[in-house]
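*Asks:* The structure is given below, and queries will be raised subsequently.
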Amino acid sequence: MLPLSLEVSVCLVAVYITLSEGLDKLYDQVRAENRTYVKPSDPIPWVKFDLNRLITEGYRLNPRSAHILAMRALEWTFICFAAVYVRFWNNIRRRFVFFKLGKSVQARAQRDTARRGRVCWIEAIVPSKVSKEYQRLLKENECLDKTEWIYIQSYESVTMLFADIVGFTKMSSGLTASQVVNMLGSLVRQFDALCEIKHCEKLGLIGDCYYCVSGCPDHFRYHARSCTEMGLGMCEILKSFNQVFGTKINIRVGVHTGRVHAAVIGAIRFHYDVYSYDAIIANELEQTGKPGLVHISQTTYDQVHKHYRAIPGPELVINREDTFGWARRVPETVRILTYFIEPSSTNIRQTIHSMPEMRDESPSNTTSATLSSDLNWSSFNSSSGLPSEEEKEPDRQSMWIEYRSNAQGLADIKMSHQTNAMKLKRDIALIDDLRADPANHRLLFTQPPLTSILSQFRSPEIEWHYQLHIKQAVGPVFADSPKLARICDAVVLLLVNTLIIAIVLIVNFQRQSLLFSPLLLTLAVIICWILCFTGTHYPDRIESPILQTFYNVCVHPVAYECILGIYTLLPAVITSALVIDPMRPRQFSEVADVYFTLMSISTFTHCIPSSSAAWGRGISAALTLACGFLRWGSHEFSSGEESRLCLTGKIVKNGVNLRNEELISFYQAAVSWTLIWILSRDTERTSKLCFFVHREAEIESEAAEIAAKEANVLLYNIIPKYVFCDLERIGRENLSDRSSSLRYAVTHEMIAVAFISISNFLSTLYREDHEGGAASLRMLHRIICSFDSLLENFQYVEKIKSIRENYLVAAGLDRELVRRESKKDAYMVELMRYCMMARDRLHNFSQTVLHDEVDLVVKIGYNVGPATAGIIGTAKPHYDIWGDTVNVASRMCYTGIPGMIQVTEVAREELENTFYFSYRGEFFVKGKGHMRTYICDGGK
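Counting with mature numbering (1 follows the signal peptide of the UniProt record, and there is no 0), you get residues -22 to -1, 1 to 918 for the letters of the sequence shown.
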């Protein structure tokens, strides 16, 4: 479908040429007949009769000559130029409209994709039921600081499960990163699948400790039995796992029923977790349990004793503090009876072996059950997390053959095909987005949001924005910019005025022409300068106050239309004033062709301005036509020698009724004005449509960018940005796709790890007698968020996770960032300084928020060494770090002194040039024996 301006221009040219040539042909046919007397009885209409007489007399008075042909050629050249000019601008604007419309639709699609991705990321962190409520709170409190609101829900009766894989740390010390992640990931995937079958909600993974809950957020009546069967199923999974991989690891499981608070705590790397003394009891049951058995409490036993055979276990002693009276905390010892349940249920075994994961990894389907073969993983290199070199390097022989068969030509063909395929894919995506656009913006081409009469935006806000854009728009100038159109219009109209003045001087080289032509040309140049000035300057960049005021006056819509109206009326004024010599009125017949040609050019000049409103073009065109008729009419009636009265008393000229000739001329003028109005209206509508779509595209792009940033923030709460970039390079960035398991592992030769624990949080701040502990969790949320806010000052330090009152951070995980640093210990120094700032931040929190009523202190454990980082899990994919370095840092924290930073001997050796250390002594560390520890006393 052709643009409307092109169609109108083509139709105008075709009609004009057909009409002119048809009249000429008609003249040739009736020439002889018109020379004879026409009988009154002949039924010839007055229109045909008068047209024939006009043609006959006109040919007799002004026969065809080179002069007439030159005027016709000039007229048609200008009309074709005006049509091409109008078509050029409208075509450019429509192309830009389509381009920006596609950009707007794609931005909207990207925003929707980012919104869906945002939902996926939130659901990857929290359950789907919690996700809706959390997103509602996130939207309601988007203007508030993260510390000022928190998602928290209370549940009176739920069952919690904690499970720790015994012997995994010792076994993994001799494995590569990919083997560790492959093994742990295989277990976690099976645990996740069993979790869904048993109506449990996975909460997270702490190293090799897996914990979940049943009964929240979705209520489940048999939550105690559900968690018990979950624990029994995990024991069965470990037995099958040992058979498949030939390992000797086991699992301890603790299950307890009680009340909890479910909350999302922290500003970054947050996750859904449960908090209460009962959660601590469940954790203690796991730590005091026996490998291969499920350790349950008395409250859980009361609900499941009819379904399982239980063995009495040791009494569990829990030290807690209750509050009596006003702020008086008294230590209390709670003794809990416990039981062990053996995994001897046949139903559990059937459930486990029916799982797809176990069928895929059963011994019968495994050709080799050795550890090395089953843990071989070629998707990532164990040291870098990127595709291995063997996968990158193609067959050398095939490369040589390809090179010998014109390698450059094949490369060019391949590149060309890839480029064409990318363009085709991009075009198909754009077409799909346009078809799927729910707003149907493609209909704007046929139904723009404008009024039918004045072509103004229906929305007053958009109309105000459009006028402001015309006056004060600051930014890059594109091909569709109104400022560029204003400059081009000014230059083209100056050329038109110069052309008409030149023709006038050639036709009527008189004193009057020589006197007024320079004045009119100077006026045209001044107006051209004004239009160019407003098109090349911005009000805020004009230093002179006078010029700034002048600019504001000129760009006002009414003032601009008046200036442009005078500019487009100049050709008509020049033609009317200078073509005909007022001292020789009988000369009109000699210059009639020139006069009508220039008036025609002057009339269609109003089609040229592409930066004007239709109402301004309509008024200017009407004034031009009126000017032409007044000048022509005065000479018609003044030439009395050629006019005579017929018998009826009517004025005739060349045998034609003058009244009929005037009607025909008025009809032609009305058609011309209508065409100018249609073209100007279409130009204005296209210009406003271009602005509207550009405005919508900017709004959608900005919204898409904000949505993408919000989605990325949530995404980076799961995995770091540099890890996601690695996953993007291999096409595994969709973490929400559970159809394929995601495994990512990197071995780091040296990183720094720190555990930060608020050692007296439970003993001083946590109170379940006040709002059930919710108020204490809000305080904990503010503390964790304050720790999160410190990370903005450190480029190497990143939060791994927060577990209740414990905070895990590490430095040196971004290999590319560490590689660019000239100092090898820069990330270690940064982490130590972060630990000091976190300690000071908690001290300030106690003074300013708690008003020294409670003095919270931290214990910090610091260590450096090798570690493994990776992503584990199908449900709620989790980025974590493992290794002896992490375990020792945890032991440094738990055996440390409140308010101090305890480090290992290796860490002291790395940092002794920057910080002061004092020797503390030797302490026994599980799995490592006795270790020498030091206290960091500050920086040098």
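Yeah, the Cβ is synthetic: ideal placement off N, Cα and C, and Gly gets one too.
By Cβ distance, which residues of its chain are closer than 6 Å to A537, with the 5 residues on each side in sequence left out?
*Replies:* For the purposes of this step, residue 537 is taken as residue 559 along the sequence shown, with counting starting at 1. Result list for A537: V531, in chain order.
*Asks:* Taking the C-alpha atoms as reference points, what is the distance between E678 and D90?
*Replies:* As a first step, residue 678 is located in the sequence shown; it is residue number 700 there, counting from the start. As a first step, residue 90 is located in the sequence shown; it is residue number 112 there, counting from the start. Taking the straight line joining both Cα atoms gives about 11 Å.
*Asks:* For V25, count neighbouring C-beta atoms within 10 Å of its own C-beta (all shown protein chains included) and say buried if the count is 16 or more, exposed if not.
*Replies:* Looking up residue 25 in the sequence shown gives position 47. Reliability of the predicted coordinates at V25 is poor, the pLDDT of 48 falling under 50, and the value obtained from them is presented with this limitation in mind. When all chains shown are included, V25 counts as exposed.
*Asks:* Which two residues bound the contiguous beta strand (DSSP E) that contains C187?
*Replies:* Locating residue 187 in the sequence shown gives position 209, counting from the first residue. C187 -> beta strand (DSSP E) spans C187 to S192.
*Asks:* Return the chain-ordered list of same chain residues with a C-beta closer than 6 Å to the C-beta of S351, the five sequence neighbours on each side being excluded.
*Replies:* Position 373 of the sequence shown holds residue 351. Any reading at S351 is ruled out, since the residue's pLDDT is 33, under 50, leaving its predicted position unreliable.
*Asks:* Measuring straight from C-alpha to C-alpha, what distance separates N384 and F74?
*Replies:* Here residue 384 corresponds to residue number 406 of the sequence shown, with the count starting at 1. Here residue 74 corresponds to residue number 96 of the sequence shown, with the count starting at 1. Because the pLDDT of N384 is 47, which lies under 50, any placement of that residue in the model is unreliable, and the number read from its coordinates should be weighed accordingly. Straight-line Cα distance between these residues: approximately 42 Å.
*Asks:* Should G267 and R230 be called a contact, given that it needs their Cβ atoms to be closer than 8 Å?
*Replies:* Residue numbering aside, residue 267 sits at position 289 when the sequence shown is read from its first letter. Residue numbering aside, residue 230 sits at position 252 when the sequence shown is read from its first letter. Contact flag set, yes.
*Asks:* Confirm, please, whether the CB-CB distance from D186 to T147 is below 8 Å.
*Replies:* Residue 147 sits at position 169 when you count from the first residue of the sequence shown. Residue 186 sits at position 208 when you count from the first residue of the sequence shown. Contact: yes.
*Asks:* Grab the span of the alpha helix (DSSP H) containing E214 for me, first residue to last.
*Replies:* Position 236 of the sequence shown, counting from 1, holds the residue named residue 214. Its alpha helix (DSSP H) spans residues H201 to F223.
*Asks:* I'd like the span of the beta strand (DSSP E) that includes C914, first residue to last.
*Replies:* Your numbering for residue 914 matches position 936 in the sequence shown. Run containing C914: G907 to G917, per the beta strand (DSSP E) assignment.
*Asks:* Using 10 angstroms around the beta-carbon of D123, count the other beta-carbons present and answer buried if the total reaches 16, otherwise exposed.
*Replies:* Working through the sequence shown from its first residue, we reach residue 123 at position 145. The residue is exposed, with fewer than 16 neighbouring Cβ atoms inside 10 Å.
*Asks:* Would you kindly report the start and end of the unbroken beta strand (DSSP E) that includes M814?
*Replies:* Position 836 of the sequence shown, counting from 1, holds the residue named residue 814. It is not in any beta strand (DSSP E) - M814 instead sits in the alpha helix (DSSP H) that spans A804 to T826.
*Asks:* Anyone know if the C-beta pair for residue 936 and P855 falls short of 8 Å?
*Replies:* No information on residue 936 is available, as it lies outside the stretch -22 to 918 that the chain covers here.
*Asks:* Specify the secondary structure class of W54 as computed by DSSP and reduced to three states.
*Replies:* Translated into the one-based positions of the sequence shown, residue 54 becomes position 76. Helix at W54.
*Asks:* By the 10 Å Cβ neighbour count, where 16 or more other Cβ atoms means buried, how is V469 classified, buried or exposed?
*Replies:* Your numbering for residue 469 matches position 491 in the sequence shown. Burial call: exposed.
*Asks:* Give the C-beta separation of A847 and V724 to the nearest angstrom, bearing in mind that I take them to be a contact with Cβ-Cβ under 8 Å.
*Replies:* Taking the first residue of the sequence shown as 1, we reach residue 847 at position 869. Taking the first residue of the sequence shown as 1, we reach residue 724 at position 746. A847 to V724, Cβ: 5 Å. Contact.
*Asks:* Please confirm whether P426 and R663 have their CB atoms less than 8 Å apart.
*Replies:* Reading the sequence shown from its first residue, position 448 is the one you call residue 426. Reading the sequence shown from its first residue, position 685 is the one you call residue 663. Contact flag set, yes.
*Asks:* Spatial neighbours of I128 within its chain, please: CB distance less than 6 Å, with the 5 preceding and 5 following residues excluded, ordered by chain position.
*Replies:* The residue labelled residue 128 in the question sits at position 150 within the sequence shown. Taken in chain order, the residues that qualify are R756 and H759.
*Asks:* Quick one: what does DSSP say D251 is sitting in, helix, strand or coil?
*Replies:* Residue 251 sits at position 273 when you count from the first residue of the sequence shown. Reduced to three states, the DSSP call for D251 is strand.
*Asks:* Does the region 579 to 594 come into contact with the region 540 to 552, if we say contact requires no fewer than three beta-carbon pairs (one atom in each stretch) closer than 8 Å?
*Replies:* yes
*Asks:* Out of F644, A648 and I849, point me to the one whose CA is closest to M161's CA.
*Replies:* The count along the sequence shown starts at 1 and reaches residue 161 at position 183. Checking every option, the nearest Cα to that of M161 belongs to I849.
*Asks:* Tell me the DSSP bridge mates of K180?
*Replies:* As a first step, residue 180 is located in the sequence shown; it is residue number 202 there, counting from the start. In DSSP, K180 forms a bridge with C190.
*Asks:* Is it buried or exposed, F902, if we count other Cβ atoms within 10 angstroms and call 16 or more buried?
*Replies:* Residue mapping note: residue 902 aligns to position 924 of the sequence shown, counting from 1. Per the 10 Å Cβ criterion, exposed.
*Asks:* According to DSSP, simplified to helix, strand and coil, what is T311?
*Replies:* As a working note, residue 311 is residue 333 in the sequence shown. Residue state, collapsed to three classes: strand.
*Asks:* In the DSSP assignment, what residue or residues form a beta bridge with N841?
*Replies:* Your numbering for residue 841 matches position 863 in the sequence shown. DSSP output for N841 lists V731 as bridge partner(s).
*Asks:* Classify Q265 as buried or exposed, calling it buried when 16 or more other Cβ atoms lie within 10 Å of its own Cβ.
*Replies:* Numbered from its first residue, the sequence shown carries residue 265 at position 287. Q265 should be labelled exposed.
*Asks:* Measure from the alpha carbon of F198 to the alpha carbon of each residue in C763, C178 and A241, then state which is nearest.
*Replies:* The residue you call residue 198 lines up with position 220 of the sequence shown. Comparing Cα positions, the closest option is C178.
*Asks:* Between the C-alpha atoms of I227 and V827, what's the straight-line distance to the nearest angstrom?
*Replies:* Locating residue 227 in the sequence shown gives position 249, counting from the first residue. Locating residue 827 in the sequence shown gives position 849, counting from the first residue. In a straight line, the C-alpha of I227 is about 47 Å away from that of V827.
*Asks:* Going by DSSP, name the residue or residues bridged to A240.
*Replies:* On the sequence shown, residue 240 is found 262 positions in, with the first residue counted as 1. Beta bridge pairing from DSSP links A240 with Q131 and V252.
*Asks:* Is S357 helix, strand or coil when you go by DSSP?
*Replies:* Position 379 of the sequence shown, counted from the first residue, corresponds to residue 357. Bear in mind that a pLDDT of 35 at S357, under 50, signals an unreliable position, so the number given afterwards is only what the model happens to contain. Correct three-state label for S357: coil.
*Asks:* Could you check how far apart the C-beta atoms of S737 and Y744 are, in whole angstroms? I think they sit under 8 Å.
*Replies:* To locate residue 737, count along the sequence shown from 1; it is residue 759. To locate residue 744, count along the sequence shown from 1; it is residue 766. Contact between S737 and Y744 is ruled out by a C-beta separation of about 12 Å, above the 8 Å threshold.
*Asks:* In angstroms with no decimal places, state the Cα-to-Cα distance between S254 and T277.
*Replies:* On the sequence shown, residue 254 is found 276 positions in, with the first residue counted as 1. On the sequence shown, residue 277 is found 299 positions in, with the first residue counted as 1. Using only the alpha carbons, I get a separation of about 15 Å.
*Asks:* With three or more C-beta pairs closer than 8 Å as the rule, is the region 64 to 80 touching the region 207 to 217?
*Replies:* no
*Asks:* Consult DSSP for P292 and reduce its assignment to one of helix, strand or coil.
*Replies:* As a position in the sequence shown, residue 292 is number 314, starting the count at 1. In this structure, P292 counts as coil in the three-state DSSP scheme.
*Asks:* Residues bridged to M161 by DSSP?
*Replies:* Taking the sequence shown and counting its residues from 1, the one referred to as residue 161 is at position 183. In the DSSP output, where bridge partners are listed per residue, M161 has none listed.
*Asks:* Could you tell me the alpha carbon to alpha carbon distance between G145 and Y840, rounded to whole angstroms?
*Replies:* For this step, residue 145 is matched to residue 167 along the sequence shown. For this step, residue 840 is matched to residue 862 along the sequence shown. If I take the Cα positions, the gap works out to 24 Å.
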